[in-house]
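Here the structure is laid out as structure tokens; the discussion comes afterwards.
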Amino acid sequence: MFEEKMYAIAEKKSYAYDTQVVETHRNFRFINDWCVIEDVMYCFTTSGYCMWYDSKTRDWIDVKGSDMELLRMHRTCGLAWRPMLRILNLGGKLLVMWIPESKRNKREPEGRIWCAKIALEKRESEVWGKIEWANSVYDSYWFSSCVVSI
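Here the sequence shown stands for residues 1 to 150, where the numbers follow the UniProt record's numbering.
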């Protein structure tokens with residue numbers, strides 16, 4: 001439940017059900033993971049786009065910013081079509097973890113976990129993202145979960 005609506009988000013489809021009005025909104029995006037920051041839902045798609053959910057228009061909208069496109073399309077560590085681990089709310093900023101592809105074999109993960117911290121700014125009807133830092137943080141992805149302590 002978020003803003004009196006029930007959301008179901010799957011890999012290929014997402015649904016929003018308004019509990020006040022008997023109406024279901026369907027949105028076809030390939031969503032990897034999502035989180036809520038300051039009453040706004042954020043997600044990354046399988047093609048590496050960072051998006052936010054506009055509850056008024058009931059649609060996912062791209063987060064703006066040249067940093068976001070660089071993060072998505074960087075040739076060695078970009079997010080597009082990479083295995084996404086998690087996105088989290090880190091003190092009002094977006095923390096993204098993913099595994100880049102191997103330079104030897106494009107279909108196999110590299111084995112290093114990358115992380116980026118993104119500051120988000122609302123500007124009227126848009127959300128802008130700026131990468132504060134991005135780097136490799138772990139040399140092996142052979143673990144099932146972790147806890148981040150700030």
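Heads up, the beta-carbon is just placed ideally off N, CA and C, and yes, glycines get one too. Keep in mind it's a predicted model, so treat the numbers as computed, not measured.
Open item on the list: Looking only at its chain, what residues have a beta carbon closer than 7 Å to the beta carbon of E126, apart from the 5 residues adjacent to it on each side?
Closed with: K64
- [ ] Return the Cβ separation of T45 and M51 in integer angstroms, given the expectation that the two are a contact with Cβ distance under 8 Å.
- [x] Between M51 and T45 the Cβ distance is about 6 Å, and since that is below 8 Å, they are a contact.
Task: Bridge-paired residues (DSSP) for E86 - done: First, the amino acid is wrong: residue 86 is Arg here, not Glu. Looking at the DSSP assignment, R86 forms a beta bridge with M97.
- [ ] List the DSSP bridge partners of L120.
- [x] G129
TODO: Please determine, among K130, W114 and I113, the residue with the shortest C-alpha to C-alpha distance to E121.
DONE: It is K130.
TODO: Please say whether L94 and I37 have beta carbons closer to each other than 8 Å?
DONE: yes
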